[in-house]
Each structure stands twice: as C-alpha cells, then as structure tokens.
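Residue numbers (full-length UniProt numbering), protein chains in the order written: chain A, 1 to 341; chain B, 1 to 341.
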DNA sequence: CTGAAAGCGCTTACAG
DNA sequence: CTGAAAGCGCTTACAG
C-alpha cells in the first residue's frame with residue numbers, strides 16, 4: 001500500500017510538502033501541486049486512517065447507537081439508520097453501527113479507544129441511561145428522540161404533542177365526535193417511550209377542549225394480539241367514527257380487521273396513523289398518516305453533529321431541541337362521518 | 001485520556017512491560033501483572049484504536065456492505081445486518097455500515113485507507129460488480145448471497161434450489177396437483193437476484209417430475225400492485241389449491257386478498273412462503289414458510305470472516321460455499337386440498 | 001522476567 | 001514557497 005512517503009518520492013518533494021499539497025493547508029506552487037496529484041493518482045494513494053487518526057485525533061467515523069427493543073417495531077429503525085449513514089457519508093464520515101444491548105458500555109469503549117468522533121443515539125428514552133455516559137465521555141453527540149430532562153446535547157424528534165393535536169383537529173374538522181386512540185403497548189411507555197404519552201396526552205387535552213370523546217387504549221405491538229385488540233376496541237365503541245393509531249403494528253393489522261368486519265375507510269371509519277411513508281408503501285397501508293420522518297431526523301442529527309465536531313458550530317452554542325412539525329400524508333382515509341339514517 | 005505510558009508510570013514498569021502484561025504475549029511476573037491491571041483500572045485505560053491499528057495493521061473493524069434496492073424488501077435487510085453486528089461484537093469487532101450506492105468505490109476507499117480488516121457483502125448478485133473490486137483489494141471477505149461464477153471468497157446463502165423442491169414436495173405430499181408460484185419482480189431477477197430463478201427453476205423441475213402443474217408468475221414488490229397481481233393470479237387459476245410465495249410483499253398482502261375473496265388458508269388454499277420468522281411475527285403472517293435465516297447467515301459469514309482475518313483458518317484453505325438447508329416453519333397454512341363435492 | 005528503542009504513517013509547528 | 005524533524009500512542013524485535 002502506498003504511503004505519503006511514496007507519493008513524495010514520486011513527486012520529488014518532501015513528505016510535508018506532499019501532505020500540505022493534499023490538505024491545502026498552506027500555499028503550494030501549482031507545479032508541485034500537479035506533480036503531487038499525479039503521484040497520488042499513479043500510486044492509488046489513500047491516507048492510512050489509523051495514522052491520520054493518531055496524528056489528528058480525528059477518525060472521520062461516527063458511532064451510531066441503535067436500541068432494538070423486543071416489543072417495538074424493528075423495521076422502522078432501519079430508516080433512521082439509513083438517514084444517518086447517508087448524511088454521514090455525504091459529509092465525509094463513515095458510520096460504526098452499534099447494536100449491542102449495553103449502550104453505556106459501548107459508549108465508553110468507543111469513546112475511550114477514540115474509535116469515533118461523535119455519537120448519534122437512536123430511540124432515546126425519557127430517562128435514558130446513555131445520557132449520563134455521554135456526559136462522562138464528553139464526545140459530541142446528537143439524539144434522535146426527546147429525553148425527559150435537559151440532555152445537554154442536540155435533540156431531534158417529531159413533535160408528538162403537535163401530532164396528537166393535529167390528529168384531533170383534523171377529525172374534529174371533518175365532524176367526528178367520538179374517536180378511538182390506539183397507542184403502543186404500555187411496556188413501551190414504562191420503559192421510557194415518552195412519545196407514546198406525549199401524543200396520547202395531547203390527544204386527550206385537545207379532544208376535551210373541542211368536546212370530542214376519545215377512548216384511549218394501548219395495543220399489542222405484534223400479531224395476532226394487536227388484531228384481537230383492535231377488534232375488541234371496535235366492538236366496545238360502535239359509535240366511534242374515527243380511529244387514531246400511534247402503533248405501527250396496529251396500522252399493519254387494520255386492513256385485515258376491517259376486512260373481516262366488512263368495513264372500509266373512510267366509508268365506515270376515518271383513520272389517521274403515525275408511521276413513515278416508506279412503511280406505508282411497503283405494507284400497502286391505505287391510511288392517511290403523520291409522517292414519522294425517520295430519514296429526515298437521522299439526517300438532521302448527523303448534520304448538526306458534524307457541525308459540532310468540525311467546530312463550525314461553536315462549542316459555546318447551546319444545545320438545541322428541534323421538534324419537527326407533524327405533517328399528515330393524505331392517503332384518502334379521512335372523510336366526514338357517515339350520517340346514520 | 002490515559003495512555004500506555006500513564007499505565008506504565010503508575011504501575012512502575014516500562015511501557016513495553018505494560019503492553020505485554022495486557023496482551024499476554026510474553027510471560028510476566030504475577031506481581032507486575034497485578035500492578036499493571038490495577039493501573040489500568042485506576043486510570044480507565046483503553047488502548048487508542050488508531051495507534052494500535054497503525055502499529056499492528058489490524059483495526060478490529062469489519063466493513064459491512066449493504067445493498068438497498070428500490071424494488072426489494074428493505075426491512076429484511078435489517079436482520080442480516082443485526083446478525084452481522086451481533087456476531088462481530090461477540091468476536092471483538094466493530095462494524096462499519098456502508099450503505100452508499102457505489103459499493104465498488106466504498107470497497108476501495110475502506111481497503112486502501114485500512115479502515116477495516118475485512119468485508120461482509122450483503123445481497124450479492126449473480127454478477128456482482130463488487131467481486132472484482134474485492135479481488136483487487138485483497139482483503140478477506142465473506143458473501144451473503146451466492147454469485148454466479150467462482151467468487152474466490154467464502155459464500156453463505158440459503159439453498160434456494162432445495163427450497164423450491166421442498167415447497168413442491170410438501171404440497172405434493174399433501175395431495176396438491178395444481179400450484180401457483182409468485183416470485184419477486186422480474187427486475188430483481190434481471191439485476192442479478194439469482195435466488196429468484198434458482199427457486200423458480202427447482203419448483204418447475206420438481207413439479208414436472210412429480211406430475212404437478214405449476215403456474216409461475218412474477219409479482220410486484222409493493223402495494224397496491226402486488227395485491228392486484230395476486231387477485232389476478234387467483235382468478236386465472238380457480239382450480240389451483242396451493243400457493244408458493246418467494247416474494248415478501250406478496251406474503252404481506254395475501255391476508256387482505258384472501259379476506260376480500262372470502263377465502264382462508266388452509267381451508268381453501270394451502271400456502272407456503274419464504275421469509276424470516278421475525279417477518280412473520282411482525283406482520284402476523286399466518287402462513288407456513290421457509291425460514292430465510294437472515295440472522296444465521298449473517299452470523300456465519302462473520303464467524304468465517306473473522307477466522308480468515310485472525311489466521312485461524314489458514315489462508316491456503318480454499319473458499320467454501322455454504323448453502324443452508326431450507327426449513328419450513330409450520331404456521332398451519334398447509335393441509336390436503338379440499339375435496340370438491 | 002524486564003527495559004530501551006525503533007517503527008507503523010501521518011500532520012504540523014519550526015525554520016529558512 | 002519548501003524541508004527536516006518531532007510527535008501522536010501503540011507494538012515488538014533486540015538486548016540483557
């Protein structure tokens with residue numbers, strides 16, 4: 001493998017000149033620059049990452065800490081991951097994907113070994129153990145998911161409260177006065193999945209303010225339980241005309257459940273979900289939904305993180321919380337309630 | 001951040017002794033070893049990865065080259081990825097996830113910069129551009145997916161031919177004599193998704209040998225097209241009693257399609273799919289299926305790759321092709337055909 | 001059983 | 001505008 005020494009020799013300059021010619025950190029005569037570039041091309045030179053990391057204390061690698069939970073919807077995680085890897089690459093970074101259980105250990109290991117320049121944490125919980133570790137190690141970081149207290153680092157998330165309000169407003173505007181809300185399982189919530197109650201509380205408050213009845217439930221996160229749950233909820237509230245879903249599995253199961261009852265949306269029931277457009281396409285979900293914008297959140301987190309690492313965002317600049325305004329992607333499952341004869 | 005020099009000073013030994021005490025590469029008096037270990041614990045010492053990589057030419061990082069295709073089923077990829085990251089970590093490696101379009105470029109970049117010790121290639125095509133690049137760079141590698149020619153590196157895949165035979169044998173054994181096969185879209189095949197025709201051809205040959213009629217189709221990879229496709233296939237062959245699916249989207253869409261027709265499996269139609277258990281659970285698919293064993297394939301690939309990297313598998317040992325025997329996970333969608341009155 | 005020293009391949013003050 | 005040299009933090013022959 002060619003080294004900078006080889007490049008220097010071929011170009012007939014010193015190693016430092018070769019290095020500067022490549023980094024552009026000091027002015028170089030055009031002739032020399034040309035010779036160096038030619039040598040690089042001829043030798044297929046690429047700097048040794050370890051040597052460069054040792055010399056500069058920069059790795060150009062980001063640590064991506066995913067957190068997979070048994071009772072959550074794994075495929076959704078992939079979109080965040082791809083958002084992160086794509087933006088990272090675009091900005092000149094590679095991504096170390098960490099899926100191990102013990103995120104705290106991983107953070108310490110990667111930070112202390114200087115394997116990465118910063119971290120993106122996915123699926124951040126209300127009371128996330130990893131935040132304390134993050135503070136200890138002192139690496140730059142960005143979170144996807146809004147934690148409870150002050151994180152001390154940049155945070156990106158969908159505005160789930162606004163999402164809850166938006167769901168109710170839309171239904172109310174169409175004339176619906178009795179709704180069913182199906183959230184993620186209580187396990188998710190107890191474990192710190194704050195987005196569950198943030199949306200649910202917002203739905204409740206807004207509904208109350210508007211005089212809309214809401215029956216709020218937690219549903220299972222997988223089949224066949226969630227199908228049975230949905231059937232039960234629909235049985236219990238025959239006069240409900242709108243269904244709000246903050247639970248991917250419920251959305252995926254709904255077509256069969258409606259089919260089995262001979263119902264269709266929006267004819268018999270208006271439906272709003274909350275999931276990604278990708279998810280909708282993959283599983284043919286014909287329901288209007290608030291876009292979870294996973295890809296975009298991943299990208300934004302990386303953009304900001306790299307800004308911190310590179311110093312483009314001054315260290316003094318306080319950490320921000322960026323809550324993405326929810327947007328409903330219309331797939332035709334919303335209409336005024338059927339006026340019963 | 002503590003260095004080996006700090007450890008040496010605190011332990012009262014030389015840097016080389018500290019290093020050897022940690023690596024165990026030469027014998028160390030128990031007393032010294034103790035002091036070094038105590039110093040490590042006290043200082044929270046972790047070796048600097050860049051420095052170690054520079055000194056040893058080993059990074060303890062694996063490059064994972066995923067390949068996401070528009071018309072393939074992305075969530076399935078996640079299982080391979082997790083199989084890889086989990087086994088890698090267990091063996092002391094981190095995983096660099098590469099999702100960029102141009103896999104060939106990425107291979108060169110990572111190999112030449114010595115950022116990784118070896119590569120796992122996912123979703124390998126019949127005629128995969130990345131294989132030539134792999135040979136050029138000379139890094140150890142393992143493939144998930146069987147390419148056309150001789151890859152020159154270790155290959156892991158599901159035995160799709162045996163899978164095709166197994167599907168037909170099972171249906172035939174139950175008494176079915178007319179089947180419909182729904183494969184991935186032709187795009188997938190043309191692009192080099194050899195597993196599509198490997199399974200399809202095996203189905204055709206076995207069926208012919210057993211005197212079973214098979215209507216073979218390609219179906220779309222997403223909704224709503226795949227739903228329409230399925231409906232069309234079922235309409236065209238009202239006497240078919242068995243359905244073989246080598247197409248995840250088709251499996252996901254089938255419950256609604258059957259529901260709409262008032263059909264159920266296996267009462268009206270026996271069904272065998274080919275997807276992972278995880279997929280079945282997530283989407284509540286009630287169909288018996290050949291397990292795609294993504295997690296296991298990812299793990300096996302890493303195990304072998306690390307064996308090559310570490311030299312535990314001698315370089316002289318020829319590359320192997322490991323085809324996993326297919327296994328049907330029974331979910332109750334298989335029964336003898338209804339004896340029409 | 002242990003230490004002093006060279007070397008891995010870069011970058012970057014320092015000097016001219 | 002360019003070069004000689006130090007230094008990043010490890011590992012590992014070499015020497016005792």
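The beta carbon of each residue, even a glycine, is placed where N, CA and C say it ideally should be.
DSSP places residue 195/B within a helical segment (H, G or I) once states are collapsed to three. A straight line joining the alpha-carbon of residue 122/B with that of residue 128/B spans about 11 Å. In this structure, DSSP gives residue 201/B a helical state, which the three-state scheme calls helix.
For the stretch 105 to 135 of chain A, the continuous beta strand (DSSP E) assignments of 3+ residues that do not extend past its boundaries occur at 118 to 121, in sequence order. Every alpha helix (DSSP H) of 4 residues or more that sits fully in the stretch 267 to 310 of chain B is shown, in chain order, as 277 to 282, 294 to 310.
Around the CB of residue 25/B, fewer than 16 other CB atoms lie within 10 Å, so the residue is classed as exposed.
Shown here for residue 94/B: same chain residues with a beta carbon closer than 6 Å to its own, the five before and five after excluded, namely 61 in chain order. If you ignore the 5 residues before and after residue 162/B, its C-beta comes within less than 8 Å of the C-beta of 202, 323, 325, 326, all in its own chain and listed in chain order.
Put simply, the CB of residue 82/B is near chain A, with a gap under 7 Å to one of its CB atoms. In summary, no residue of the stretch 170 to 188 of chain A has a CB separated from any CB of chain B by less than 8 Å. Close CB contacts of residue 252/A within its chain, under the 6 Å cut and outside five residues either way in sequence, are with 283 (chain order).
With respect to residue 142/A, residue 304/A sits close: the two C-beta atoms are nearer than 7 Å. In this structure residue 64/B touches residue 97/B by the C-beta definition: roughly 5 Å separates them, less than 8 Å. A straight-line Cα-Cα distance of about 26 Å links residue 256/B and residue 167/A.
DSSP lists 94/A as the beta-bridge partner residues of residue 61/A. In terms of Cβ geometry, residue 4/B and residue 19/B form a close pair [threshold 7 Å]. Your pair residue 231/B and residue 337/B does not check out as a contact, with CB atoms roughly 20 Å apart and the cut at 8 Å. Residue 20/A: member of the alpha helix (DSSP H) spanning 15 to 23, first to last residue. Each residue's CA atom was taken as its position, placing residue 189/A and residue 250/A some 16 Å apart. The way I'd put it, the stretch 297 to 314 of chain B doesn't touch the stretch 268 to 276 of chain A; fewer than three beta-carbon pairs between them come closer than 8 Å. For the pair of segments examined, the stretch 33 to 48 of chain B was found not to touch the stretch 152 to 159 of chain B: the number of CB pairs separated by less than 8 Å stays below three.
In chain order, 129, 130, 133 place their CB closer than 7 Å to the CB of residue 104/B, counting only its own chain and leaving out the 5 sequence neighbours on each side. Residue burial is scored here from C-beta neighbours: residue 299/A has at least 16 other C-beta atoms within 10 angstroms and is therefore classed as buried.
Nearest Cα to residue 44/B within the set 137/A, 151/A, 198/A: 137/A. Any Cβ of chain A closer than 7 Å to the Cβ of residue 259/B would place that residue at the interface, and such an atom is present. The C-alpha of residue 301/B is placed about 21 Å away from the C-alpha of residue 114/B. Contact of residue 109/B with chain A by beta-carbon distance below 7 Å involves 46. Boundaries around residue 242/B are those of the beta strand (DSSP E), 242 to 246, since no alpha helix (DSSP H) includes it. Taken atom to atom, the span from the alpha-carbon of residue 119/A to that of residue 289/B is near 39 Å.
Residues of the stretch 291 to 319 of chain B with a Cβ closer than 7 Å to any Cβ of chain A: none.
Between the C-alpha atoms of residue 46/B and residue 100/A there is a straight-line separation of about 19 Å.
Put simply, the backbone Cα of residue 193/A is about 12 Å away from that of residue 67/A. In this structure, the CA atom of residue 151/A is about 32 Å from the CA atom of residue 51/B. Between residue 241/B and chain A, the shortest Cβ-Cβ separation is not below 7 Å. For residue 65/B, no chain A residue has a C-beta closer than 7 Å to its own C-beta; the minimum C-beta separation is roughly 12 Å. For the pair residue 180/A and residue 329/A, the Cα-to-Cα distance works out to about 20 Å.
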